[in-house]
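Here the structure comes first, spelled out in structure tokens, and everything after it is commentary.
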Amino acid sequence: MNRLTWLVAAVGFVCAGVSFAGSFPTDFQEAMGLYQTPGKVAEAEAAFLALAARDVRDPSGPDAALEMASRCALQRKDFAVAEARASRVGDAALRTLCRMRIREAQRQWTGLLELAGAEAFETWPDRLIYPAAMCRGKAYAILGNAAAERDFLLARANTFEARELAFANLALGNFYRDGARDEAKALAAYEAVARAAVYGAVKYDGVIAYATLLAVRGRGQDALAHLDGLQVETIPHPDWQCRIYQAFGTVYAAQTRTADAASAYRKAAAVPGASEELVRAAEKKLAGVSP
């Protein structure tokens, strides 16, 4: 759920009426590029701190830099430093969001809701509504609070970006499936992810969940078509390959195609580099369908 991409950093603030002084936008964009480059977070952190110290006309620039400096500290789990930087953010909404992210990283779900449960995110700056609603919605969902639905719907209504929409729909699907126990709504939310023009983890997760529900409803062929569309052999992530092969097995098992289910589970268990936990799960499922 990384709302603040380099494009938003370079352009979004300007579109929102923020005017950084001098070369701040260019330097901020360069810092964001470092932040998104593996192994460059320390350099990005130094750049954001330097930007935060600049004397510029519009305080939203240093605030944005402090936000990112706080997130850099979070990556190395230095919660005290992240909190100290968040406390220096002048904008109240952004400061609260920074602190929400810290509670999320600490898995302090009750503390997160104590901090932001009363916030009316609808009144916040547009660019902050999505990440804030997703963050609080996650806390509500984990604690079994039905208010999660409201936040996930708010997040979905406040973005046009395909990946963000996919994450919001995935969160809704999980809530409807596991919390509200509303299979029809869960199916619709997962279908939105499955049909979205996105790639990577959110796509894989959504398709697996969608295919599993389709199979339960007797739509095994549709489920297999969506799983086939992932082209599992081309995915360079062993854990996702293992999970997708297991999903094939689940669908085949629902169709009572025992031999095909066993074959899929064998493939899952044999994926090189897959985590031991996933391999054990595949082996257990294989044992369940083997004579």
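Start counting the sequence shown at 245; every next residue gets the next number (the numbering used here).
Glycine is no exception: its CB is placed at the ideal position from the N, C-alpha and C atoms.
This structure is a prediction, so every number in the text was calculated from the model and none was measured.
Check                                                                                                                  : Outcome
Suppose contacts are defined by Cβ-Cβ distances below 8 Å. Is K284 in contact with L278 by that definition?            : yes
Work out the CA separation of A337 and R510 for me, nearest whole Å.                                                   : 50 Å
Skipping 5 residues on each side, what residues in its chain have a beta carbon closer than 6 Å to that of Y489?       : A508, K511 and A512
Check this for me: beta carbons of Y454 and A438, under 8 Å apart or not?                                              : yes
What is the DSSP secondary structure of L535, counted as helix, strand or coil?                                        : Note on residue identity: the sequence assigns Pro, not Leu, to residue 535. In this structure, P535 counts as coil in the three-state DSSP scheme.
Beta-carbon separation of Y420 and A440 under 8 Å?                                                                     : no
Let me check understanding here. Comparing Cα to Cα, which of E274, A498, A491 and Q485 lies closest to P516?          : Q485
State the start and end residues of the unbroken alpha helix (DSSP H) segment that holds I479.                         : Counting along the chain, I479 falls outside any alpha helix (DSSP H), and DSSP gives it neither H nor E.
Grouping DSSP H, G and I as helix and E and B as strand, with all else coil, what is F272?                             : helix
Would DSSP call F492 helix, strand or coil?                                                                            : helix
Buried or exposed for E435, going by 16 or more other Cβ atoms inside 10 Å?                                            : buried
My output table needs one value for K429: the three-state DSSP class, helix, strand or coil.                           : helix
If the criterion is Cβ atoms closer than 8 Å, does the pair L431 and L457 meet it?                                     : yes
Compute the Euclidean distance between the alpha carbons of D483 and A424, then round it to the nearest angstrom.      : 28 Å
Compute the Euclidean distance between the alpha carbons of E358 and R487, then round it to the nearest angstrom.      : 36 Å
With R343 as the anchor, note down where its alpha helix (DSSP H) starts and where it stops.                           : A336 to A349
Distance, Cα to Cα, V252 vs D449?                                                                                      : Caution is warranted here: a pLDDT of 43 is assigned to V252, below 50, making its placement in the model unreliable, and the coordinate value is therefore given only provisionally. Taking the straight line from one Cα to the other gives about 26 Å.
In whole angstroms, what is the alpha-carbon distance linking R524 and Q350?                                           : 29 Å
For S519 and V300, I'd like the C-alpha separation in whole angstroms.                                                 : 49 Å
Report yes if the C-beta distance between D370 and Y384 is below 8 Å; otherwise report no.                             : no
Could you say which of R463, R345, E327 and A391 lies nearest to A362 if we only look at CA atoms?                     : A391
Any idea if S314 is buried or exposed, counting beta-carbon neighbours within 10 angstroms, 16 or more meaning buried? : buried
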